[in-house]
Structures are given as structure tokens and as C-alpha cells.
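A quick write-up on the structure given underneath.
There are 2 protein chains.
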Amino acid sequence: MDNTKWLDDDEQHLWRSYLDATRLLFQQLDKQLVRDAGISFADYEILVLLSEAPEQRMRMRDLADASTTTRSGITRAVTRMEKAGWVRRAGCETDKRGAWAELGDGGAAKLAEAGPGHVDAVRKNMFDVLTPHDITAMTRAFEAMRERMHEDRRDR
Amino acid sequence: MDNTKWLDDDEQHLWRSYLDATRLLFQQLDKQLVRDAGISFADYEILVLLSEAPEQRMRMRDLADASTTTRSGITRAVTRMEKAGWVRRAGCETDKRGAWAELGDGGAAKLAEAGPGHVDAVRKNMFDVLTPHDITAMTRAFEAMRERMHEDRRDR
DNA sequence: CGCATCTAGTTGCTTAGTCAACTACCTGGT
DNA sequence: ACCAGGTAGTTGACTAAGCAACTAGATGCG
Chain P
751 MDNTKWLDDD EQHLWRSYLD ATRLLFQQLD KQLVRDAGIS FADYEILVLL
801 SEAPEQRMRM RDLADASTTT RSGITRAVTR MEKAGWVRRA GCETDKRGAW
851 AELGDGGAAK LAEAGPGHVD AVRKNMFDVL TPHDITAMTR AFEAMRERMH
901 EDRRDR
Chain W
751 MDNTKWLDDD EQHLWRSYLD ATRLLFQQLD KQLVRDAGIS FADYEILVLL
801 SEAPEQRMRM RDLADASTTT RSGITRAVTR MEKAGWVRRA GCETDKRGAW
851 AELGDGGAAK LAEAGPGHVD AVRKNMFDVL TPHDITAMTR AFEAMRERMH
901 EDRRDR
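Line order of the protein sequences matches chains P and W. In terms of the working numbering, the numbers along the first sequence are unbroken and rise by one, the last being 906. In terms of the working numbering, the numbers along the second sequence are unbroken and rise by one, the last being 906.
As C-alpha cells, then:
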């Protein structure tokens, strides 16, 4: 017996559009950033997270969680960005295992350089074709998905 | 002067939810497939494309476009899947440069094995929390984004 | 207190995927 | 018919990111 509840036509249609549009979007954003500002989308996002954090710094672990990657991924990303002069590492006083990643001047400058072009691209490829009504529905939907998935997220 | 039209709060909120939910979803789908069926999400999608194509085969170039990756990426993916016995390569009669990638028996079996668990995961993490109304709005939105981006997609 | 267990971060190893360059082939214009 | 320029697929070199294993430090329980 086949207990599987396959996707119906509407669901299938959404699924394909979502996958395709999203991959296309992420690729275009990455390309735009690399081309115009010499920074990858992934690295850019890390800088944004740091820039918004209290004292512009975050623990490695929290960075990994917030950016939906792994601890080792963050180690490597921070090492890379440290070499580029965008972030600094600082030891943690209260937890000697720990390390802070701090936004450096170079990183702030890079953010300022990359930000406008990036936002333009996000707008052009996404928000320009969305109605306020779409925005409401999508926000609700993605929030719900996020919540659902955060429930059973296990360490990696 | 700053001509940049930054995202307002609602836009920002959607943007973050979308990024976060999507990355989480893609990761969970990949993990589920690897764990339960020994196939990556990327490879699974290629098999799906082939299975739906006329005669269950596609030209390499078309596969690359359809899966939003690059020609070289598809070359390597097909090589890998050929070794696994999931697809076959066949020369193209009418265009001697060309090559077909064909779904093999192993691939069809792998699809049958992986499909149900995958659909369950997609349902659980996405469609279960969407209303029919969400589905309509999102489909319209992603279709529009897709169209917009397909316009100025250049070869890679 | 002392030990078992957990957590933070890093690293070795491996894999997937990109770009650029290359070969082989196709196509359109003259 | 020929050739200039384009296209299909592959490959070499490289980068990014994941897992598993490891070290060092924290935590809790008897």
C-alpha cells in the first residue's frame, strides 16, 4: 500500500516555483555581490549579523546558529574574513573555551560598500514584484515553517 | 547622497524569515534524503527531472538549466550518478557534440525508494503549515520572481 | 571534591560545485 | 564550400562547506 500523500497540482506548482525562484535568486545575489563588491553572499550575511549584534560581536556558536551553518563552517568563514581584515577574533572572558567574532573596520567598510547594490538586487528580483498582500502571506507562511523546523533542529 | 531604498520593517521581516526558513528547509530535506535513502537532495532532483522528461532522458545542457546549476556541475553529477548505476549516458545522433543523460533502472528504483519519505518531509515542514490562500499568493509571487530573473539570466 | 558528561571551537579529510580553458562540433553568411 | 563565431560537454584548479574526531574548558551529580 502507498500511504504517501503526494503533492497535488497546486502544491507541485508552488514547490517548483519556489525551488527555482529561490535558487535563481540566491545565485544572482551572490554573483552581484562578488562582482560588485568582492564578497560572497554568505560572508556578507555574516557581516550583517555581526553589525546588528550588541557591541557588533557574536560568539562563534551563535553565529553558526544564526546563519544556519555549522560550527566548522563558521570557523573557516571567520578565519577567511579575518585574513581579509573584516573581522577580529577575541577570547571570551567568562568562558575560556569561547571566542568572539567582532566586526572590524574593514568589515564595516565592506558592508557599507556592498549594502546598496545588494538591496537594489533584492528589490529588483523580489520586492518589486510582490504586493503588500503577498508580503503578509509569505511572512506568515515562512514564520510558521521556521517555527516548525526550529522545533526539531538538532546539533550538528 | 544615499539613493538606496532600504527595506522597511515588513520587508526586512519577510526577507529574514524567507532566508532562514528556506535554508533550514533545504538542509533538512537533504539530511532526510541522505539518511533514509542515501541520496542528496541535488541528485534526487536530477532524477526527478529525468523521470518526468520525454523518454526519461535530457540533454546535459537542459539538465543544467532546469536544475539551476552549471554545465560542469551537471557533468560531474551525471558521472557520479552513472557510477552509482542511476543514470546512463548516451550519445546524441543529431548533434554529435551532445549527450543524453537517461534515467536507468537503478535511478528509477532509487526514486521510488526515496520519494515517499521526501514528500512526507516536504509536507511536514512546509505544506502542513500553509493555507490554500498562502499557496495561491506564494505561487503567484515566486512565478513572478522566476520570470523576472529568467529574463536576464546569462550563460555560465 | 572528583569524576562523568557536555559544550565551544578547531582541524583533517572528503565531497560538491564554480570558473576558465579547451576540444569537438554546429550554423549562418558570403 | 568555407570560415568565423557560437555551442555542448568535459576537465584542471580551486573554494566552500560538511562530518567526525580531537582538545580544552565548563557543569552537574553523587
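All residues carry an ideal CB built from backbone N, CA and C; glycine is no exception.
Between M808/P and chain W, the shortest Cβ-Cβ separation is not below 8 angstroms.
No residue range can be given for R847/W, since it is assigned to no beta strand (DSSP E) and is classified by DSSP as neither H nor E.
At a cut-off of 8 angstroms between C-beta atoms, I824/W does not count as an interface residue with respect to chain P. Under DSSP, E761/W forms no beta bridge with any residue. Pairwise C-beta distances place the segment 840-850 of chain P out of contact with the segment 872-887 of chain P, as fewer than three of them are shorter than 8 angstroms. Using a Cβ-Cβ cut-off of 8 angstroms, P804/W does not count as an interface residue toward chain P, since no Cβ of chain P sits closer than that to its own. Boundaries of the beta strand (DSSP E) around A840/W: 837-841.
Among the CB atoms of chain P, none fall inside 8 angstroms of the CB of L861/W. Under the criterion of beta carbons closer than 8 angstroms, L813/W and L799/W qualify as touching, at roughly 6 angstroms. DSSP, reduced to helix, strand and coil, places L800/W within a helical segment of the structure shown. Counting along the chain, the unbroken beta strand (DSSP E) around M808/P starts and ends at 807-809. Sorting G867/P, E897/P, K874/P by C-alpha distance to the C-alpha of D752/W places G867/P at the top. With distances taken between CA atoms, D884/W lies nearest to A894/P out of A894/P, N875/P, G857/P. Chain-order list of chain W residues neighbouring I885/P: D760, E761, L764, by C-beta distance under 8 angstroms. Closest by C-alpha distance to R811/P, out of R847/P, L779/P, E863/P, D760/P, is R847/P.
Under the Cβ distance rule, D780/P does not count among the residues neighbouring chain W, no pair being separated by less than 8 angstroms. Under the Cβ distance rule, Y794/P does not count among the residues neighbouring chain W, no pair being separated by less than 8 angstroms. Taken through DSSP and simplified to helix, strand or coil, A851/W comes out as strand. Against chain W, a Cβ distance below 7 angstroms from L775/P picks out M895, M899. In this structure, the straight-line span from the alpha carbon of W836/W to that of T825/W is close to 14 angstroms. As the crow flies, the alpha-carbon of M831/P is around 17 angstroms from that of E802/P.
Under the 8 angstroms criterion on CB atoms, S790/P is classed as non-interfacial with respect to chain W. Looking from the CA of A849/W, the closest CA among T829/W, W765/W, L774/W, F791/W belongs to T829/W. Taking R807/W as reference, the option from I789/W, A787/W, A858/W, R773/W with the minimal CA-CA separation is A858/W. The continuous alpha helix (DSSP H) containing T889/P extends over residues 882-901. What S767/W touches in chain P, judged by beta-carbon distance under 7 angstroms, is T889, F892, E893, R896, going in chain order. Close CB contacts of S790/P within its chain, under the 8 angstroms cut and outside five residues either way in sequence, are with D780, L783, V784 (chain order).
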